[in-house]
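Number of protein chains: 2
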Amino acid sequence: MKRDPGMSSCRDYAALLGEAGLAVTANRLRVLEVVGGATYPLSAVEIHRTLARSAAINRVTIYRILERLVHHGILERLSTGGRAFNYGLAADSDYQPHPHFYCTRCGRMDCLSPASLPVDTTWLQRTFPGRIDKIEIRVDGVCKDCLKKGDA
Amino acid sequence: MKRDPGMSSCRDYAALLGEAGLAVTANRLRVLEVVGGATYPLSAVEIHRTLARSAAINRVTIYRILERLVHHGILERLSTGGRAFNYGLAADSDYQPHPHFYCTRCGRMDCLSPASLPVDTTWLQRTFPGRIDKIEIRVDGVCKDCLKKGDA
DNA sequence: CCCTTGGACGCAATATAGTTGCATGGTAGT
DNA sequence: ACTACCATGCAACTATATTGCGTCCAAGGG
Numbered sequence: 001m002k003r004d005p006g007m008s009s010c011r012d013y014a015a016l017l018g019e020a021g022l023a024v025t026a027n028r029l030r031v032l033e034v035v036g037g038a039t040y041p042l043s044a045v046e047i048h049r050t051l052a053r054s055a056a057i058n059r060v061t062i063y064r065i066l067e068r069l070v071h072h073g074i075l076e077r078l079s080t081g082g083r084a085f086n087y088g089l090a091a092d093s094d095y096q097p098h099p100h101f102y103c104t105r106c107g108r109m110d111c112l113s114p115a116s117l118p119v120d121t122t123w124l125q126r127t128f129p130g131r132i133d134k135i136e137i138r139v140d141g142v143c144k145d146c147l148k149k150g151d152a
Numbered sequence: 153m154k155r156d157p158g159m160s161s162c163r164d165y166a167a168l169l170g171e172a173g174l175a176v177t178a179n180r181l182r183v184l185e186v187v188g189g190a191t192y193p194l195s196a197v198e199i200h201r202t203l204a205r206s207a208a209i210n211r212v213t214i215y216r217i218l219e220r221l222v223h224h225g226i227l228e229r230l231s232t233g234g235r236a237f238n239y240g241l242a243a244d245s246d247y248q249p250h251p252h253f254y255c256t257r258c259g260r261m262d263c264l265s266p267a268s269l270p271v272d273t274t275w276l277q278r279t280f281p282g283r284i285d286k287i288e289i290r291v292d293g294v295c296k297d298c299l300k301k302g303d304a
C-alpha cells in the first residue's frame, strides 16, 4: 500500500528492522512508531518527549537509535532552518522523496507533495563529478497558523 | 558586473553596508571580504579562523556580524548536512540563487550553477497557504576529491 | 547448567555551535 | 564637555549531539 507524505504509515516495523539485520527491540519499535505515525518529521527532542510519556527512556538511546536507523536507510535525517535535525521515514519504492516546509516562527516542519516542487535532476546526475547521495529541498517561511497569530 | 557562484565578488562592501543603514566597521568589512572572496559558503568557525590570523577578533563578534548581515539580506545562511550553518553572499539581482553541494565526508560546501538543477516554483508559490521566504536546495554526497582519497 | 560474548541501554561527562548579559570604549550630535 | 548610541569583548549560558564506560540480558558453546 502506498504512503503519502503526511499519512501515517502502516509498515511492519519489526520486519523493517529484521531486513536491515538490526535487533528488534522495544525501544526501536517505539521510535519507529512515533516517527512513522507523525505527519511531519520530528526532532530527537520531540521523539524523546513523546516516548518518555509512556515509559522512561534515555535521550542518548534515542540519538543512538536514530543514528542507526538513518545509517541503515530506514529513517531520513533532514536539516531544518534551525539548529536541530528532524527525522522521518526514509523514501523508498512506495514512499516518494518530497520537499519540506520549515516555519521559521514556530519551528514546525511539514511535508510537501513531491509534485508541488518538481525538480529535474537528470543534468546534475549526468554531469556531477562526485557521488550524489540525496537531494534535500527545504522551503523556509511562515506557516499559515503563525501568520494568523502574527496578525492578531 | 555579473557574479557567478564560485567567482570571487567585486562588490563595494562599504557601499553595501551603507545602503543597508549599517555602520561601516573594519570587522564587518573583514567578514564581507572573507565571505565574498570565498568560492563556497563558509561556516562561522572558518570565518573566525581566517580573520583571527590577521588580527584578533572575538567569535561572538563574528556571530553578531553574520546575524546582522543575514537579517539585512546581505548574506545568506545555509544549512549544511551537519550541525553548523554556512554563510555566503545573498542572492540579488545580479547574483542568482543556486543549489549547493555538501560533501558529507570532508564537510566542504560548493556552489552549483542555478541551471544544473532547475526547479519550478510557480505551483507552490500560487498554492501554498503560508509565506515563503526562501527555497534551499542542497545536494549531499561525496565530492570527487574525497572519492579519490577513499580509493587510495 | 554455567560461561562467554555481544549488543542494547543508561548515566555522566564532554563536545560543538550558537546566544545572552553586561561592561567598555569610541564616535556623532548637541 | 555631555549624552546617547552602537560595536566589540568577555564570560556565562543554552541547546543539541556525541563519547566513554559500566551493567544487564539474551544467545550460543561447553
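Protein chains in written order, with our numbering: chain D, 1 to 152; chain V, 153 to 304. Note that CB positions come from ideal geometry on N, CA and C, so glycine has one too.
Item	Value
Who are the neighbours of Asp244(V) on chain D, taking C-beta pairs under 9 Å?	Residues of chain D passing the Cβ test: none, with the nearest at roughly 18 Å.
Since Ile217(V) is in the alpha helix (DSSP H), which residue starts that stretch and which ends it?	Arg211 to His223
Got a sec: which bits of the stretch 70-101 of chain D sit with their beta carbon under 9 Å from any beta carbon on chain V, in order along the chain?	Arg77, Ser79, Thr80, Gly81, Gly82, Arg83, Ala84, Phe85, Pro99 and Phe101
Tell me whether the stretch 26-40 of chain D and the stretch 54-63 of chain D touch, counting them as touching only if at least three CB pairs, one residue from each stretch, are closer than 8 Å.	yes
Hey, is Glu288(V)'s beta-carbon within less than 8 Å of any beta-carbon in chain D?	yes
Under 9 Å between beta-carbons, which chain V residues line up against Ser54(D)? List them in chain order, please.	By Cβ distance, chain V contributes nothing, its closest Cβ being about 29 Å from Ser54(D), past 9 Å.
What are the boundary residues of the beta strand (DSSP E) that Val24(D) is part of?	Unbroken run through Val24(D): none, as it is neither H nor E.
What do you get for Ser93(D), buried or exposed, if any count of 16 or more other CB atoms within 10 angstroms of its CB means buried?	exposed
Between Cys103(D) and Gly37(D), what straight-line distance do the alpha-carbon atoms span, to the nearest angstrom?	21 Å
Report the residue from Arg290(V), Ala167(V) and Gly240(V) whose alpha carbon sits nearest the alpha carbon of Leu124(D).	Arg290(V)
Tell me which residues share the same chain as Ile226(V) and place their Cβ nearer than 7 Å to its Cβ, disregarding the 5 neighbours each side in the sequence.	Leu168, Ala172 and Ala242
Below 8 Å between beta carbons: does that hold for His252(V) and Pro193(V)?	yes
Are the beta-carbon atoms belonging to Asp140(D) and Asp285(V) less than 8 Å from one another?	yes
Using Cβ-Cβ distances below 7 Å, what residues of the stretch 31-54 of chain D are close to chain V?	none
Please report the Cβ distance between Arg105(D) and Val142(D), rounded to the nearest whole angstrom; I am assuming they are in contact, meaning their Cβ atoms lie under 8 Å.	5 Å
I'd like to know whether the C-beta atoms of Gly282(V) and Leu147(D) end up nearer to each other than 8 Å.	yes
So is Gly18(D) buried or exposed if we call it buried at 16+ other beta carbons inside 10 Å?	exposed
Are the C-beta of Val212(V) and some C-beta of chain D separated by less than 8 Å?	no
So what does DSSP say about Cys146(D), is it helix, strand or coil?	helix
Under 6 Å Cβ to Cβ from Val222(V), same chain only, skipping five residues before and after it: list those, please.	Arg229
Have a look at Ser265(V) and Val187(V) and give me their C-alpha separation to the nearest angstrom.	18 Å
Could you check which residue in Ile65(D), Thr127(D) and Gly82(D) has the C-alpha nearest to that of Ala23(D)?	Ile65(D)
Please tell me whether Cys143(D) has its Cβ less than 8 Å away from any Cβ of chain V.	yes
Could you have a look at Gly18(D) and say whether DSSP puts it in helix, strand or coil?	helix
What residue does the beta strand (DSSP E) around Leu203(V) start on, and which one ends it?	Not the beta strand (DSSP E): Leu203(V) falls in the alpha helix (DSSP H), residues Ala196 to Ser206.
Could you compute how far the alpha carbon of Arg49(D) sits from the alpha carbon of Ser231(V)?	25 Å
Restricting to Cα atoms, I'd like to know which of Asn86(D), Ala115(D) and Ile47(D) is closest to Gln96(D).	Ala115(D)
Listed from N- to C-terminal order along the chain, which residues in the stretch 273-284 of chain V have their beta-carbon within a distance smaller than 9 Å of any beta-carbon of chain D?	Thr273, Trp275, Leu276, Thr279, Phe280, Pro281, Gly282, Arg283 and Ile284
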